[in-house]
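Quick notes on the structure that follows.
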Amino acid sequence: MSRLPLTKASLSRQKGLLKTYHDVLPSLDLKRRQLGAEREAARRQLEEARARAAAIAAEVGQSCPMLAHERIDLSGLVTIAAVHQVEENLMGTRLPKLEGVDFQVADYGLLTRPFWVDAVVVWLQQALRNQLQLRVAEQRLELLRQAERKVTQRFNLFDKVLIPRTRHNIKKITIYLADAERAAVVNSKIAKRKKQNPSSQNPNPSSLVAA
61 MSRLPLTKAS
71 LSRQKGLLKT
81 YHDVLPSLDL
91 KRRQLGAERE
101 AARRQLEEAR
111 ARAAAIAAEV
121 GQSCPMLAHE
131 RIDLSGLVTI
141 AAVHQVEENL
151 MGTRLPKLEG
161 VDFQVADYGL
171 LTRPFWVDAV
181 VVWLQQALRN
191 QLQLRVAEQR
201 LELLRQAERK
211 VTQRFNLFDK
221 VLIPRTRHNI
231 KKITIYLADA
241 ERAAVVNSKI
251 AKRKKQNPSS
261 QNPNPSSLVA
271 A
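In this text, residue positions in the sequence shown follow my numbering: the first is 61, and each later residue adds one.
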């Protein structure tokens, strides 16, 4: 760390820095709070996606228990044709957002497969869509956590390091300049008395300050 200049120019610069830090701090605090709120919303979305996955599995198990017993090949029945995912900018943080999913359903004969296959098609679409939503929710949550952590670090840097250090510097320079000013006054009075009475001894500096 470079040595702190104990000058009036340095004092003015430190005061300017302190003002800048105080101006930046509220915006960092606001961004930190907003990211925290978005992070909490992403956490809820993730929990909802997990709950939907469990609900779909429970509904399939209850409505179509025969899936576990019927030897019917359902692989390839429903596949994802396209995923429409965009990126949104939230306070400088780029987050994925799922806008839609296109499915491709394989042709299947109504007479060669049981009646409940139609319901399975719907459940598979729901499960696949929810799986994508779950993945996006996990990504959003992690990105928001990282962004919130970085902003919190910057906030703490200003609040707990830069501002206290700058205040200390201002106090240190102010005390030094005040002491230097008092010393200059004393030296000036000593020089003046010596000039008026060259034969006099060095006076007590404290008495000169009082004078």
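Yeah, the Cβ is synthetic: ideal placement off N, Cα and C, and Gly gets one too. All figures in this text were calculated on a predicted structure; none of them were measured in a lab.
Practice prompt. Kindly indicate which three-state DSSP category A166 falls into: helix, strand or coil?
Written response: DSSP places A166 in coil when its eight states are reduced to three.
Discussion item. Can you look up T67 in the DSSP assignment and give me helix, strand or coil?
Written reply: Of the three classes helix, strand and coil, the one that applies to T67 here is coil, per DSSP.
Worksheet item: Can you tell me where the beta strand (DSSP E) with N3 in it begins and where it stops?
Response: Because the chain here runs from 61 to 271, residue 3 falls outside it and cannot be looked at.
Practice prompt. Using alpha carbons as the reference points, say which of H82, R99, L64, L78 lies closest to E202.
Written response: Among H82, R99, L64, L78, the Cα nearest to that of E202 is on R99.
Discussion item. Between the alpha carbons of V269 and A244, how many angstroms are there, rounded?
Written reply: Summary for V269: the model assigns pLDDT 49, below 50, so the residue's position carries little reliability, and this model does not support an answer.
Fill in: Residue of K232, K157, L77 minimising C-alpha distance to R189
Relative to the Cα of R189, the nearest Cα in the group K232, K157, L77 belongs to K157.
Fill in: Buried/exposed call for E119, threshold 16 Cβ in 10 Å
Under a 10 Å Cβ-count criterion, E119 is classified as exposed, with fewer than 16 other Cβ atoms of the shown protein chains found around its own Cβ.
Item to complete: Spell out a yes or no on whether the segment 203 to 220 and the segment 179 to 187 are touching, meaning 3 or more CB-CB pairs, one atom from each, closer than 8 Å.
Response: Contact between the segment 203 to 220 and the segment 179 to 187 is absent: fewer than 3 CB-CB pairs across the two stretches fall below 8 Å.
Fill in: Sub-8 Å separation of L222 and L71 beta-carbons
In this structure, L71 does not lie closer than 8 Å to L222 by Cβ.
Discussion item. To the nearest angstrom, how far is the alpha carbon of R253 from that of A240?
Written reply: Put simply, the backbone Cα of R253 is about 20 Å away from that of A240.
Discussion item. Please identify the residue among R103, V138, T80 whose C-alpha is closest to the C-alpha of D178.
Written reply: Distances from the alpha-carbon of D178 to those of R103, V138, T80 put V138 closest.
Item to complete: Excluding the 5 residues preceding and the 5 following A109 in the sequence, name in chain order all residues of the same chain whose CB lies nearer than 7 Å to its CB.
Response: Closer than 7 Å at Cβ, skipping near neighbours: N190, Q193, L194, A197.
Practice prompt. Please name the residue or residues paired with L158 in a DSSP beta bridge.
Written response: Paired residue(s): Q145.
Worksheet item: Are there 16 or more other CB atoms within 10 angstroms of the CB of A141, so buried, or fewer, so exposed?
Response: Of the other Cβ atoms in all chains shown, fewer than 16 fall within 10 Å of the Cβ of A141; this residue is therefore exposed.
Worksheet entry | Range of the contiguous alpha helix (DSSP H) that encloses V182 | Segment 177 to 216, the alpha helix (DSSP H) holding V182.
Worksheet entry | L85 beta carbon less than 8 Å from that of D219 | In this structure, L85 lies closer than 8 Å to D219 by Cβ.
Worksheet entry | Euclidean distance between Cα positions of E159 and Y81 | Approximately 40 Å, taken between the alpha carbons.
Practice prompt. Report the partner residues of T153 according to the DSSP bridge assignment.
Written response: In DSSP, T153 forms a bridge with L150.
Worksheet item: Below 8 Å between beta carbons: does that hold for Q105 and M151?
Response: Not in contact: Q105 and M151 (Cβ atoms no closer than 8 Å).
Item to complete: Return the residue from the list R200, A117, V165, N229 that minimises the CA-CA distance to S62.
Response: Answer by Cα proximity: N229.
Practice prompt. Give the straight-line distance between the Cα atoms of V143 and L155, rounded to the nearest whole angstrom.
Written response: Taking the straight line joining both Cα atoms gives about 16 Å.
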